[in-house]
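*Asks:* Protein chains in written order, with our numbering: chain L, 1 to 270; chain A, 1001 to 1267. One structure coming up, written as structure tokens, with questions to follow.
Shown next as structure tokens:
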């Protein structure tokens, strides 16, 4: 496979300019704001700002909630993607469109919608409160829910794409050998699309880590409980631009490091 | 073929949008031309006002009155937390007038040299306890907020309403753990409106602006945490004449009447 790749590349000849120029511009457009942060960062006071107690608390909470949200998305999202890719049922196109709703919904609206359902007076939340005494808004669980709501479409779309691209003949072969649908799913389908699931999970995690609107609306903002890094950045921006820049850089550095190392480990890069 | 059709339609849409944008630009420039209008104070063109979230209702009203009194002017508002607006202004946002909910926030703008002249206090605002309609938890004062089972939303201390709340709670000697520290006063109020919290400390004007969902409970300690609202014309105001006219109008009898009707106190 590797040799085929190199011959194709050689046969392509030089890289065409109409592709290189917009590609370079695109990269510049994405990277320049980051450079802006780096240029304006208060490097001299950086060490003391890093050790401020609130910073590590928010960072730890961000990493924990994003990871839990990703787990929740995996548990619910992979089966959903399988359903969309493998089971023809009436209204599948509508369901697929519904799955992408959180992508187009402004996250703040998502947060309000979550409050209306899971809030104290919400349809589900009211019942949870009266039957079990469980309230979700203003809790860390609420943060996880808000992040999962916004991030799950990324996972579902990635995994569904991987499932559709996977060769179904392996699954058919397993079926002819007597494997049931569940066994086929766990022993053939899952290993087959594992890279797709990993890619989706990474995307999902990154989106959950950066989540702001739905979180502050649904889970509120309280240090140590619901104040994730993006919320801390926003509030720092109210009084101290430098602190906001530092917090942003920390979040960026940590997430880029984790994403880059995961990518190398899980997803075979060409 | 179908993609071609889409492409043509998209191009047409884009063209329409561009023409529309260009048209807006022309209108603005035309209106800003001197001598275009003789009515009112003689000013024309666009005035961009950055105002604290708590001024939303009253300033929208004052803006409409100002436009009616000065034909040819358009007032555009950017309502948000004062501190966020101050950051935007200090980062070069094109604004003519800045109305903040606290002198401390205003100071960050004047200290950066972005104010034209000294800010003037045009109104004052006090805190009340906003509770859901009917006051289900029977809140009568700050002490009730610290009772177990009462969920409270405060503004974060970084924004003026949060600083005022901390001051009032200190004065009352009440220690409480809120469930959330909201990013501006309207966000705190909306948590009460939605019934997610039992009480929030908001400005009297905010409680008054939502009479169908919220009751305002007055408390004595709020007198010790009065917020002055300063107003300033900005140094880099794109339309300074109209900005001055608007600032004057806010402090006129008509402007103050709108503000006091909303629950503000005249300074």
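Beta carbons are placed, not taken as given, at the ideal position from N, Cα and C, and that holds for glycine. Owing to the predicted nature of the structure, the values given are computational and were not obtained by experimental measurement.
Alpha carbon to alpha carbon, what distance is there between residue 220 of chain L and residue 157 of chain L?
*Replies:* Roughly 29 Å separates the two Cα atoms.
*Asks:* Got a sec, what are the start and stop residues for the alpha helix (DSSP H) residue 1206 of chain A sits in?
*Replies:* Segment 1204-1208, the alpha helix (DSSP H) holding residue 1206 of chain A.
*Asks:* Rounded to whole angstroms, what is the Cα-Cα separation between residue 1142 of chain A and residue 1244 of chain A?
*Replies:* Roughly 41 Å separates the two Cα atoms.
*Asks:* DSSP state of residue 1140 of chain A, grouped into three classes?
*Replies:* Looking at residue 1140 of chain A - three-state DSSP - the assignment turns out to be coil, as it is neither helix nor strand.
*Asks:* Residue 1082 of chain A and residue 1102 of chain A look like a contact to me (Cβ under 8 Å); what is the Cβ gap, rounded to whole Å?
*Replies:* Confirmed, about 6 Å.
*Asks:* Take the Cβ of residue 1186 of chain A as the centre, count every other Cβ of all protein chains shown within 10 Å, and call the residue buried at 16 or more, exposed below.
*Replies:* Buried, since its Cβ has 16 or more Cβ neighbours within 10 Å.
*Asks:* Starting from residue 1247 of chain A, follow its DSSP beta bridges and name the residues at the other end.
*Replies:* None; residue 1247 of chain A has no bridge partner.
*Asks:* Got a sec: is the Cβ-Cβ distance from residue 234 of chain L to anything in chain A below 8 Å?
*Replies:* It does; some Cβ of chain A falls within 8 Å.
*Asks:* May I have the straight-line CA-CA distance separating residue 1111 of chain A from residue 77 of chain L, to the nearest angstrom?
*Replies:* If I take the Cα positions, the gap works out to 52 Å.
*Asks:* Could you compute how far the alpha carbon of residue 99 of chain L sits from the alpha carbon of residue 64 of chain L?
*Replies:* So the two alpha carbons sit approximately 25 Å from each other.
*Asks:* Whose C-alpha, out of L/58, L/86 and L/112, is nearest the C-alpha of residue 140 of chain L?
*Replies:* It is L/58 whose Cα lies nearest to the Cα of residue 140 of chain L.
*Asks:* Helix, strand or coil for residue 1125 of chain A per DSSP?
*Replies:* Residue state, collapsed to three classes: strand.
*Asks:* Quick one: what does DSSP say residue 1182 of chain A is sitting in, helix, strand or coil?
*Replies:* DSSP places residue 1182 of chain A in strand when its eight states are reduced to three.
*Asks:* Counting only Cβ pairs nearer than 7 Å, list the residues of chain L close to residue 1051 of chain A.
*Replies:* Chain L residues near residue 1051 of chain A: none, gap ~16 Å exceeds 7 Å.
*Asks:* How close, in whole Å, do the beta carbons of residue 1176 of chain A and residue 1146 of chain A come, if the pair is a contact with beta carbons under 8 Å?
*Replies:* Residue 1176 of chain A to residue 1146 of chain A, Cβ: 4 Å. Contact.
*Asks:* Write down every uninterrupted run of the alpha helix (DSSP H) in the segment 162-222 of chain L whose length is 4 residues or greater and which is fully enclosed by it, in chain order.
*Replies:* The segment 162-222 of chain L contains these whole alpha helix (DSSP H) runs: 169-176, 181-184, 190-209 and 213-218.
*Asks:* Would you say residue 171 of chain L lies against chain A (beta-carbon separation less than 8 Å)?
*Replies:* No - not a single Cβ of chain A is within 8 Å of the one on residue 171 of chain L.
*Asks:* Hey, does residue 1025 of chain A have any beta-carbon neighbour from chain L nearer than 8 Å?
*Replies:* Bear in mind that a pLDDT of 38 at residue 1025 of chain A, under 50, signals an unreliable position, so the model cannot answer this.
*Asks:* Within this structure, are the beta carbons of residue 117 of chain L and residue 109 of chain L separated by less than 8 Å?
*Replies:* No, they are not a contact pair.
*Asks:* Output the distance between the C-alpha atoms of residue 1189 of chain A and residue 1198 of chain A, rounded to the nearest integer angstrom.
*Replies:* The alpha-carbon atoms of residue 1189 of chain A and residue 1198 of chain A are separated by roughly 11 Å.
*Asks:* Please report the straight-line C-alpha distance between residue 210 of chain L and residue 36 of chain L, rounded to a whole angstrom.
*Replies:* Each residue's Cα considered, the two are about 19 Å apart.
*Asks:* Would you tell me roughly how many angstroms separate the C-alpha atoms of residue 1068 of chain A and residue 1074 of chain A, rounded to the nearest one?
*Replies:* When rounded, the distance between both Cα atoms is 10 Å.
*Asks:* Any C-beta of chain A within less than 7 Å: which residues of the segment 33-47 of chain L qualify?
*Replies:* Under the 7 Å Cβ criterion, the segment 33-47 of chain L contributes no residue.
*Asks:* Checking the sheet assignment: what are the DSSP bridge partners for residue 1074 of chain A?
*Replies:* Note: residue 1074 of chain A sits in a beta bridge opposite A/1046.
*Asks:* Taking any Cβ of chain A, which residues in the segment 128-148 of chain L have a Cβ under 7 Å from it, in chain order?
*Replies:* Those residues of the segment 128-148 of chain L that come within reach of chain A (Cβ to Cβ, closer than 7 Å) are 137 and 138.
*Asks:* Can you grab the Cα-Cα spacing for the pair residue 1202 of chain A / residue 1174 of chain A, in whole Å?
*Replies:* In a straight line, the C-alpha of residue 1202 of chain A is about 17 Å away from that of residue 1174 of chain A.
*Asks:* Whose CA, out of L/234, L/176, L/155 and L/224, lies closest to the CA of residue 79 of chain L?
*Replies:* It is L/155.
*Asks:* Alpha carbon to alpha carbon, how far is residue 1148 of chain A from residue 181 of chain L?
*Replies:* Distance between the alpha carbons of residue 1148 of chain A and residue 181 of chain L: 53 Å.
*Asks:* Determine, for residue 239 of chain L, whether the minimum Cβ-Cβ distance to residues of chain A falls below 8 Å.
*Replies:* Closer than 8 Å: yes.
*Asks:* Let's test the definition: count the other Cβ atoms within 10 Å of the Cβ of residue 93 of chain L and tell me whether it reaches 16, buried, or not, exposed.
*Replies:* That one is exposed.
*Asks:* Consult DSSP for residue 1258 of chain A and reduce its assignment to one of helix, strand or coil.
*Replies:* Helix at residue 1258 of chain A.
*Asks:* Using 8 Å as the limit for Cβ to Cβ distance, is residue 120 of chain L near chain A?
*Replies:* Yes, because at least one Cβ of chain A sits closer than 8 Å to the Cβ of residue 120 of chain L.
*Asks:* Where does residue 1150 of chain A fall in DSSP's three states?
*Replies:* In this structure, residue 1150 of chain A counts as coil in the three-state DSSP scheme.
*Asks:* Leaving aside the five residues before and after residue 66 of chain L along the sequence, list all residues of the same chain whose C-beta is less than 7 Å from its C-beta, in chain order.
*Replies:* Counting only Cβ-Cβ distances below 7 Å, and skipping sequence neighbours, we find 147, 205, 208 and 209.
*Asks:* Check whether chain A comes within 8 Å of residue 222 of chain L, counting only Cβ atoms and requiring the distance to be less than that.
*Replies:* Output row for residue 222 of chain L: interface = yes.
*Asks:* Using a 10 Å radius around the Cβ and a threshold of 16 neighbouring Cβ atoms, would you call residue 39 of chain L buried or exposed?
*Replies:* The residue is exposed, with fewer than 16 neighbouring Cβ atoms inside 10 Å.
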